[in-house]
Structures are given as C-alpha cells and as structure tokens.
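So the number in the working numbering is just where the residue sits in the sequence shown, counting from 1, plus 61. Cβ coordinates follow ideal geometry from the N, Cα and C atoms, glycine included. Keep in mind the model is a prediction, meaning the values are calculated, not measured. Reading through the structure tokens given below for one structure.
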Amino acid sequence: MLSKAKMVSIKRKAIESLYQDTATITTSVKGQVDPKTGRVINGEKTSPEYPCRISYKTFPITNNPNGIAEFSQLITLFIAPEVDIPAGSKVTVNHLGKTLEFTASGVPARYSDHQEVELKNRMKHNG
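Structure, rendered in structure tokens:
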C-alpha cells in the first residue's frame, strides 16, 4: 500500500498534467518603505507565472420574470496549493493564447494537491 504522501504526490502530478495555462497574481502592497527615499509608498506586487487551469460552468437563472433567458457563469482557477492568492487579488491568466483578467472573489479552497479559487471577470462590457 502506498503512503499518504506518495498518493498525494501521484494525484498532484495527474492534476498538474492538465494545466495548460499560466497565471500571475497581483496583490496590493501597503505601507512599504522606499529604500531610496525613505517614503512610505503603496503599490502592487506581481508574482511570477504559475501553471494553472481555468474551468467554466454556466447556470441558467430560473427566477426571471421577463421571460428572457439569463445565465450566470462560474469561473474556477485550479493552481498549486502553495501559491498565495488573497481575496481581491488581480489574477491574469494566459489561456489558449489570450490574456484574461480576473479578480479572486473569495478565499481559496485549499487541498493537499491543489487549490480552487473562484474568479470574477474584470473586463467591462458594453451591452
């Protein structure tokens, strides 16, 4: 019988073999002291690229009184469990040759072999 650590390792390799995208995480940095000027500055910090995968699920909205079909979309990011993605972070995903911009909408669901982060689209649409 395999040890728990070996099973997690095998499962993680299987999950990561499905990763076809890359993501960078941008977080706010508050109250950092600029070493050159000594001034306190606010800014952003961007991570290196991490392998990942995004998943889309679409759900019909059933309580629609006007009879027009409406749908809700759930976007989930699958990424390694050690990547820190605070709620509200900007997440940029390179997916099939396109750059997609999201916001991490909540606290990640962390597992021993991956984590799942719900995303909200940051792009504004006219229409």
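Check                                                                                           : Outcome
Residues near residue 155 by beta carbon distance below 7 Å, same chain, minus five either side : 82 and 83
Span of the beta strand (DSSP E) around residue 90                                              : 82–94
As assigned by DSSP and simplified to three states, the class of residue 97                     : coil
Supposed contact pair residue 130 and residue 149 - C-beta distance, whole angstroms, cut 8 Å   : Going by Cβ atoms, the distance from residue 149 to residue 130 rounds to 31 Å, so no, they are not a contact pair.
Beta-ladder partner(s) of residue 121, from DSSP                                                : 132
Bridge partners - residue 156, DSSP secondary structure assignment                              : 159
Three-way DSSP call (helix, strand, coil) for residue 183 in this model                         : coil
Same chain, Cβ closer than 8 Å to residue 188, neighbours up to 5 away in sequence not counted  : A caution first: residue 188 carries a pLDDT of 47, below 50, which makes its placement in the model too unreliable to give a value.
Nearest neighbour of residue 180, chosen from 127, 122, 114 and 63 [CA to CA]                   : 114
Option in 92, 117, 103 and 174 with minimal Cα separation from residue 72                       : 174
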